[in-house]
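For the record, in the sequence shown the residue sitting at position 146 is 146 according to full-length UniProt numbering, with numbers rising by one throughout.
Presented below is the structure to which this report refers.
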Amino acid sequence: MSNNSRKRREALVYHAKPKPGKIEVVPTKKYATQRDLSLAYSPGVAEPCLEIEKDKENAYKYTTKGNLVAVISNGTAVLGLGDIGPEASKPVMEGKGLLFKIFADIDVFDIEVDTKDIDKFVETVKNIAPTFGGINLEDIKAPEAFEIERRLKAELDIPVMHDDQHGTAIISAAALLNALELAKKKIEKVKIVVSGAGAAAVSCTKLYKSFGAKAENIVMLDSKGVIRKDRDNLSEEKEEFATSRKIDTLDQAMKDADVFIGLSIADIVSPEMLKSMAKRPIVFAMANPNPEIDYELAMKTRKDVIMATGRSDHPNQVNNVLGFPFIFRGALDVRATKINEEMKKAAVKALAELAKEAVPEQVNIAYGETRLNFGPEYIIPKPFDPRLIAKVPPAVAKAAMDSGVARQDIQDWQKYEEELLERMGNENKITRLLLNRAKTNPKRIVFAEADHLDVLKAAQIVNDEGIGIPILLGRKDVIQELMNEIDFEADVKIIDPKSDEAKDQLEKYAQTYWESRHRNGVTKYDAQKLMRERNYYAAMMVNEGDADALLSGYSRAYPTVVKPMLELIGMAKGVSRVAATNVMNTSRGPIFISDTSINIDPPAKDLAKIAQMTARTVQLFGMDPVIAMISYANFGSSKDPRARKVKDAVAYLHRFHPELKVDGELQTDFALNREMLQNKFPFSKLAGKKVNTLIYPDLDSANSTYKLIKELNNVDSIGPIMMGMKKPVHILQLGASVEEMVNMSAVAVVDAQEKEKKAKK
1 MSNNSRKRRE ALVYHAKPKP GKIEVVPTKK YATQRDLSLA YSPGVAEPCL
51 EIEKDKENAY KYTTKGNLVA VISNGTAVLG LGDIGPEASK PVMEGKGLLF
101 KIFADIDVFD IEVDTKDIDK FVETVKNIAP TFGGINLEDI KAPEAFEIER
151 RLKAELDIPV MHDDQHGTAI ISAAALLNAL ELAKKKIEKV KIVVSGAGAA
201 AVSCTKLYKS FGAKAENIVM LDSKGVIRKD RDNLSEEKEE FATSRKIDTL
251 DQAMKDADVF IGLSIADIVS PEMLKSMAKR PIVFAMANPN PEIDYELAMK
301 TRKDVIMATG RSDHPNQVNN VLGFPFIFRG ALDVRATKIN EEMKKAAVKA
351 LAELAKEAVP EQVNIAYGET RLNFGPEYII PKPFDPRLIA KVPPAVAKAA
401 MDSGVARQDI QDWQKYEEEL LERMGNENKI TRLLLNRAKT NPKRIVFAEA
451 DHLDVLKAAQ IVNDEGIGIP ILLGRKDVIQ ELMNEIDFEA DVKIIDPKSD
501 EAKDQLEKYA QTYWESRHRN GVTKYDAQKL MRERNYYAAM MVNEGDADAL
551 LSGYSRAYPT VVKPMLELIG MAKGVSRVAA TNVMNTSRGP IFISDTSINI
601 DPPAKDLAKI AQMTARTVQL FGMDPVIAMI SYANFGSSKD PRARKVKDAV
651 AYLHRFHPEL KVDGELQTDF ALNREMLQNK FPFSKLAGKK VNTLIYPDLD
701 SANSTYKLIK ELNNVDSIGP IMMGMKKPVH ILQLGASVEE MVNMSAVAVV
751 DAQEKEKKAK K
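Here it is in structure tokens:
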């Protein structure tokens with residue numbers, strides 16, 4: 001099976017299993033008792049109904065209307081697929097709903113309308129509009145899209161936006177303002193060429209005009225060439241951008257142009273065209289998946305070009321996810337009656353300004369950068385930037401208030417920003433950051449149990465996604481048979497330590513191991529025998545630089561796998577005890593739990609060391625550690641030695657590491673409930689802070705807690721992450737899932753990246 005066929009199958013399975021689709025409706029109120037149900041439905045539900053009858057605005061108070069957006073399409077212009085119909089467009093609309101939720105905590109119903117008739121489409125949307133706080137029109141072909149949006153904006157009293165038009169316009173306008181600043185050019189004077197005349201191209205150009213671009217300096221092209229005033233049968237939208245210049249081709253239009261905006265097809269801009277542009281040209285080649293001119297070719301052709309594309313593998317990605325979730329968030333939060341030009345321009349300015357601010361370490365880490373700075377390769381924020389939620393919605397909300405379309409004002413802007421940041425604790429952002437960072441510099445990972453199907457599946461994903469470079473250990477015939485079964489066709493290294501092929505390498509490893517351990521009772525024969533065991537062989541591969549990291553533990557008990565790692569690889573310099581932490585992707589955000597795998601009952605000083613190592617791991621993920629030292633007691637309420645141990649660990653940390661945000665001993669509920677902690681223990685270093693790290697007093701409680709959270713709440717877990725080892729070694733939980741192994745592969749790669757950096761210092 002070809003790679004494309006396998007990808008197709010994976011996409012279909014993803015959408016079909018474990019249950020069809022990507023979104024679901026989840027109750028937000030209690031429903032356990034008869035009393036709950038009588039309030040949720042009859043007879044209690046009558047009361048909010050009567051209140052809404054008195055005043056329709058009460059629908060925002062008593063229902064989900066204020067946080068509910070309809071993503072509506074008729075399937076006439078779906079991605080690059082064209083007119084595929086409403087049913088076939090549904091996966092895309094569900095995907096849009098998923099993005100709304102994970103980036104801005106907005107709930108979505110996707111609505112697919114089976115009509116191409118403008119009047120019927122508009123009537124349908126108007127009839128269902130009372131359900132929603134906003135309408136996101138999606139994948140509707142031009143020119144109908146213009147008329148549909150125009151009419152709905154005029155006839156409805158809730159925000160309406162056709163994202164295909166305005167999303168790209170808003171993001172690219174922000175990028176353009178910054179690119180012009182870097183190029184030292186004025187928008188009023190630059191010559192702009194726009195390749196494409198669809199909904200997005202027209203909307204982009206209109207927005208550029210609202211920021212000062214002059215109509216006489218703009219040339220737009222469609223599939224027939226330059227849109228000129230002397231052309232017949234031009235639509236209203238194209239007429240606005242028709243030029244009186246006597247030119248017919250893109251080649252002619254590009255001569256001395258300052259800006260190229262591409263929303264058309266791949267590879268239509270040649271190096272010669274790029275060379276003919278003015279000094280310090282700005283090129284936004286946004287055709288997907290392949291731009292109008294290849295990024296590397298453009299950069300090679302002109303050193304002074306400032307370039308953006310629609311792709312994530314190049315700098316300056318024009319990605320609509322930077323816009324629509326946050327624009328609707330701001331509009332919903334002031335109950336705006338529409339999304340007007342002032343609100344769109346406010347979003348543009350907020351995005352442009354954010355790109356000029358110092359970038360958080362979390363974003364640098366995610367993109368594998370030493371330091372992202374405003375410049376030619378960074379003119380718009382990255383999609384993973386956590387500040388977007390607190391920057392763009394307030395700007396949009398304020399513009400709605402100032403322009404008179406807000407029905408509810410925001411009084412306390414600081415509180416509003418805090419609420420926005422709180423909304424973002426409910427998605428697996430940290431996993432995306434981790435995987436993205438691993439991809440920036442993939443490392444060689446030994447999968448020590450590659451003759452197990454799930455391990456091999458994980459290695460396949462790691463290879464295909466560019467997370468790492470797998471090295472497969474195990475019986476070669478079994479691995480190859482399993483690879484055929486799952487269509488794993490990549491050229492990866494397979495090693496069977498017991499085979500004749502590996503004999504010379506095994507002897508070399510055995511000799512090295514024997515020389516390091518022969519004064520500890522290890523014979524040459526012992527060394528040779530141990531090297532036939534895959535965990536010893538894998539550890540020696542990492543030790544000797546033949547691999548960068550290793551994963552094991554899927555099929556064997558944790559203690560049996562830890563032993564060879566400690567024997568062969570050992571602890572990092574200055575570390576007296578290794579430990580393990582697990583990251584739990586909870587609804588309140590990531591929570592680190594230590595020690596989940598190694599130390600059974602560590603004394604106070606070791607507990608403090610575990611807290612220090614965990615703090616460094618939290619920072620590795622781009623987060624500021626806020627640490628609670630957990631006990632059954634609160635701040636000296638028990639004199640039992642088990643509670644005293646935690647108290648002593650905290651005292652040690654306060655004395656020798658005052659820079660750490662750490663306190664205890666604390667019960668878990670006080671640690672995680674800020675209001676309770678503030679009210680009861682206002683003196684605590686953690687008062688008013690959001691705890692993201694829990695250090696437990698023993699293995700029993702830590703291991704049980706993380707597994708309880710994982711199973712009861714269906715929470716993703718990353719770990720156990722080994723801390724304190726000399727080399728990047730990580731031991732999986734017995735029977736780990738494919739997804740867990742992929743995540744741990746990313747951890748191993750990032751660990752290797754960090755250790756490589758330290759070694760170079």
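C-beta atoms are modelled at their ideal positions from N, C-alpha and C, and glycine is treated no differently.
Query                                                                                                                                                                                            : Result
Apart from the five residues just before and just after residue 698, which ones in its own chain have a Cβ nearer than 6 Å to its Cβ?                                                            : 601
Identify, in the order they occur along the chain, each residue of the same chain with its Cβ nearer than 8 Å to the Cβ of residue 497, setting aside the five sequence neighbours on each side. : 473, 506, 531, 532, 533, 534 and 537
List, from N- to C-terminal side, the alpha helix (DSSP H) runs of 4 residues or more that fit wholly inside the region 493-558.                                                                 : 503-517, 524-531 and 534-543
Between the C-alpha atoms of residue 203 and residue 164, what's the straight-line distance to the nearest angstrom?                                                                             : 9 Å
Thinking residue 672 and residue 650 are a contact (beta carbons under 8 Å), I'd like their distance in whole angstroms, please.                                                                 : In fact, because the Cβ distance is near 17 Å, the residues do not count as touching under 8 Å.
DSSP three-state label for residue 379, please.                                                                                                                                                  : coil
Pairs of beta-carbons, one from the region 41-54 and one from the region 74-94, closer than 8 Å: are there three or more?                                                                        : no
Compute the Euclidean distance between the alpha carbons of residue 128 and residue 344, then round it to the nearest angstrom.                                                                  : 25 Å
How long is the line joining the alpha carbons of residue 415 and residue 421, rounded to whole angstroms?                                                                                       : 10 Å
Report the three-state DSSP secondary structure of residue 655 (helix, strand or coil).                                                                                                          : helix
Using the Cα positions of residue 471 and residue 547, report the straight-line distance between them to the nearest angstrom.                                                                   : 8 Å
Which whole-angstrom value describes the C-beta separation of residue 330 and residue 392, a residue pair presumed to lie in contact below a C-beta threshold of 8 Å?                            : 7 Å
If we require 3 or more residues per run, which beta strand (DSSP E) segments fall completely within the UniProt domain "Malic enzyme N-terminal" (20-153)?                                      : 68-73, 107-112 and 134-137
Give the range of the alpha helix (DSSP H) segment to which residue 326 is assigned.                                                                                                             : 324-333
Apart from the five residues on each side of it in sequence, which residues of its chain come closer than 6 Å, Cβ to Cβ, to residue 276?                                                         : 254 and 255
Short of 6 Å in beta carbon distance, which residues of its chain neighbour residue 406, apart from the five on each side in sequence? Order them along the chain.                               : 334, 336 and 400
Does any residue of chain D bring its CB to less than 8 Å from the CB of residue 511?                                                                                                            : No chain D is part of this structure, which consists of one protein chain only.
Taking C-alpha atoms, which residue in 553, 294 and 574 lies nearest to residue 450?                                                                                                             : 553
For residue 170 and residue 490, what's the separation of their Cα atoms in angstroms?                                                                                                           : 41 Å
Is it true that the region 678-686 meets the region 590-607, where meeting means three or more beta-carbon pairs spaced less than 8 Å apart?                                                     : no
Following the continuous beta strand (DSSP E) through residue 629, name the residue where it begins and the one where it ends.                                                                   : 626-630
Can the beta-carbon of residue 261 be found closer than 8 Å to that of residue 193?                                                                                                              : yes
Could you pull the start and end residues of the alpha helix (DSSP H) that residue 166 belongs to?                                                                                               : 163-183
By the DSSP assignment, the beta strand (DSSP E) with residue 676 in it spans what residues?                                                                                                     : Counting along the chain, residue 676 falls outside any beta strand (DSSP E), though it belongs to the alpha helix (DSSP H) covering 674-680.
I'd like to know whether the C-beta atoms of residue 841 and residue 613 end up nearer to each other than 8 Å.                                                                                   : For residue 841 there is no data in the structure shown, the boundaries of the chain being 1 and 761.
Apart from the five residues just before and just after residue 734, which ones in its own chain have a Cβ nearer than 8 Å to its Cβ?                                                            : 553, 554, 555, 556, 557 and 558
Between which two residues does the alpha helix (DSSP H) carrying residue 399 extend?                                                                                                            : 388-402
Which residue or residues does DSSP assign as beta-bridge partners of residue 195?                                                                                                               : 221 and 262
Excluding sequence positions up to five away, which residues of its chain have a Cβ less than 6 Å from the Cβ of residue 174?                                                                    : 348, 351, 352 and 380
Along the chain, where does the beta strand (DSSP E) containing residue 581 start, and where does it finish?                                                                                     : 579-586
Going by the beta-carbon positions, is the gap between residue 259 and residue 282 smaller than 8 Å?                                                                                             : yes
So is residue 114 buried or exposed if we call it buried at 16+ other beta carbons inside 10 Å?                                                                                                  : exposed
If I measure Cβ to Cβ from residue 190 and keep anything under 6 Å in the same chain, skipping five residues before and after, which residues do I get?                                          : 258 and 259
Could you pull the DSSP bridge partners for residue 317 from this structure?                                                                                                                     : 309
For residue 525, count neighbouring C-beta atoms within 10 Å of its own C-beta (all shown protein chains included) and say buried if the count is 16 or more, exposed if not.                    : exposed
Since residue 540 and residue 513 are thought to touch, with beta carbons under 8 Å apart, how far apart are those beta carbons, to the nearest angstrom?                                        : 6 Å
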